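Before any comments, here is the structure.
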Amino acid sequence: MSLGPCEIFEVGPRDGLQNEARPIPVEEKVALVDRLSEAGFNRIECASFVSPKWVPQMVGSAEVLAGIKRRDGVRYAALAPNMRGFEDARAAGADEVAVFASASEGFSRKNINASVEEAFERFAPILEEARHLDIPVRGYVSCVIECPYDGPVAPAQVAAVADRLFAMGCYEISLGDTIGAGTPDRIARMLLTVRDVVPVGRLAGHYHDTHGRALSNIDTSLSLGVRVFDAAVGGLGGCPYAPGAAGNVATEAVNKHLTALGYETGLDQDAILDAARMARDMRGD
Ligand code: HMG
Ligand code: MG
Numbered sequence: 047m048s049l050g051p052c053e054i055f056e057v058g059p060r061d062g063l064q065n066e067a068r069p070i071p072v073e074e075k076v077a078l079v080d081r082l083s084e085a086g087f088n089r090i091e092c093a094s095f096v097s098p099k100w101v102p103q104m105v106g107s108a109e110v111l112a113g114i115k116r117r118d119g120v121r122y123a124a125l126a127p128n129m130r131g132f133e134d135a136r137a138a139g140a141d142e143v144a145v146f147a148s149a150s151e152g153f154s155r156k157n158i159n160a161s162v163e164e165a166f167e168r169f170a171p172i173l174e175e176a177r178h179l180d181i182p183v184r185g186y187v188s189c190v191i192e193c194p195y196d197g198p199v200a201p202a203q204v205a206a207v208a209d210r211l212f213a214m215g216c217y218e219i220s221l222g223d224t225i226g227a228g229t230p231d232r233i234a235r236m237l238l239t240v241r242d243v244v245p246v247g248r249l250a251g252h253y254h255d256t257h258g259r260a261l262s263n264i265d266t267s268l269s270l271g272v273r274v275f276d277a278a279v280g281g282l283g284g285c286p287y288a289p290g291a292a293g294n295v296a297t298e299a300v301n302k303h304l305t306a307l308g309y310e311t312g313l314d315q316d317a318i319l320d321a322a323r324m325a326r327d328m329r330g331d
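Count along the sequence shown from 1, then add 46; that gives the number in this note's numbering.
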């Protein structure tokens, strides 16, 4: 029996590769994105226009966007922390951008050298310009369960940041369990609070699999109405500014799981498994 559509938003080429120690050549990143494009994703995050001093691995993002074979119907996404990143993302031809806020002050400072309030000041002109140009902007909230610097994060803090991102024009809010501290109970408490301020159809779960609970957290999120999940092929990932952030939940595992439950993802599992092999080779596993 079909339970309806459920989308996987592929973040491996960005959230995955940003954390790899080995400098990965542009051609390898392009090959990975091209293989992922064949798997049937609607959205693939493959670039990040941040400071090269902060995240050296994302240097070459413009070349990646220039080198990929764009497939009709696929939106290629890029992170932008400030107006400069937004302009660069636009010039490189990103179809959509993402701004990234944190529910906790500690991670915000370590990750983007700004308080949560200052981050919103940087995002406001991005959202305004994007509205004029008709470029969709996605909003991330990091540390929705726990912060590696500040400890446990109250659901109300997450809701406040999600609400603000949504009110300023982000079309979808991705809720990041950045260090994989979530348990089904904590994820449920967080979602029940956030769902009161942002329609559940505009929420996505972005779960890292540090303690192997990401699939259980996805099940809980499904039961509360979430139908979009971020995942990284091959379980690539982590965050350079979040010690303990192991990989994102693996796309191939999420696709297998959702499909077995009866959801339609529209993805080709063989193509995903092939991309996962490429990802593991890139990482040197
Ligand atoms: P700063 O040092 O406070 O800013 O960094 P600044 O304005 O003083 O600039 C410092 C230098 O960066 C200057 O260069 C700027 O020109 C340059 P210099 O004069 O020293 O040579 N610069 C830039 N270069 C390229 N692109 C730009 C840009 N902006 C400034 N856009 C800044 C502030 C935000 C730039 C920095 O902190 C930064 O880049 N942080 C990004 C960190 C990051 O990418 N983290 C990973 C992504 S978040 C994540 O993974 C979590 C997520 O997956 C969800 C989850 O799991 O929870 C999304
Ligand atoms: Mg992440």
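The C-beta atom is built at its ideal place from N, Cα and C for all residues, glycine as well. From a predicted model like this one, the values you see are computed outputs, not experimental measurements.
CB-CB length for residue i against residue j, believed under 8 Å
i, j, result
"Val101", "Gln64", "5 Å"
"Val272", "Leu237", "7 Å"
"Ser161", "Val199", "Contact flag wrong, Cβ pair sits at about 15 Å."
"Leu111", "Ala138", "4 Å"
"Leu82", "Ile90", "5 Å"
"Asp209", "Val246", "About 14 Å separates the two Cβ atoms, so there is no contact after all."
"Thr239", "Ala202", "6 Å"
"Leu270", "Ala234", "6 Å"
9 Å Cβ cutoff met for residue i and residue j
i, j, result
"Arg259", "Leu249", "no"
"Tyr186", "Ile219", "yes"
"Glu66", "Leu211", "no"
"Ala140", "Ala93", "yes"
"Pro127", "Gly312", "no"
"Phe132", "Glu175", "yes"
"Ala277", "Ile54", "yes"
"Val143", "Arg117", "no"
"Ala227", "His257", "yes"
"Arg155", "Tyr195", "yes"
Per-residue burial, residue i [other beta carbons within 10 Å of its own, 16 or more giving buried]
i, result
"Pro171", "exposed"
"Tyr217", "exposed"
"Leu125", "buried"
"Ala135", "buried"
"Lys75", "buried"
"Met324", "buried"
"Asn157", "buried"
"Ser48", "exposed"
"Asp255", "buried"
"Ala165", "buried"
"Glu163", "exposed"
"Leu304", "buried"
"Arg232", "buried"
"Glu56", "buried"
Candidates the options: closest to residue i by CA position
i, options, result
"Ser262", "Val246, Thr229 and Val274", "Thr229"
"Gly97", "Glu192, Met129, His257 and Glu175", "In the sequence on display, residue 97 carries Ser and not Gly. Checked all of Glu192, Met129, His257 and Glu175; the closest Cα to Ser97 is Met129."
"Asp265", "Ala176, Glu164 and Gly308", "Gly308"
"Arg60", "Ala85, Leu221, Asn157 and Asn294", "Asn294"
"Glu192", "Glu175, Leu221, Ala138 and Pro51", "Leu221"
"Asp223", "Phe153, Val243 and Gly215", "Phe153"
"Gly280", "Ser148, Met328, Arg177 and Val243", "Met328"
"His252", "Ile318, Cys189 and Ser48", "Cys189"
"Gly197", "Ile318, Phe95, Pro289 and Phe87", "Pro289"
"Lys115", "Ala144, Asp80, Lys99 and Val143", "Asp80"
"Val72", "Asp231, Lys302, Glu109 and Val274", "Glu109"
"Ala317", "His257, Glu298 and Met104", "Glu298"
"Gly215", "Val105, Arg155 and Leu173", "Leu173"
"Ile181", "Ala292, Asp231, Ala123 and Ala227", "Ala123"
"Asn301", "Leu319, Gly106 and Ala292", "Leu319"
"Asp314", "Glu56, Phe87, Met104 and Gly113", "Phe87"
"Ala205", "Val274, Gln103 and Ser148", "Ser148"
"Asn159", "Glu310, Tyr287 and Ala292", "Tyr287"
"Gly62", "Lys99, Gln103 and Phe95", "Gln103"
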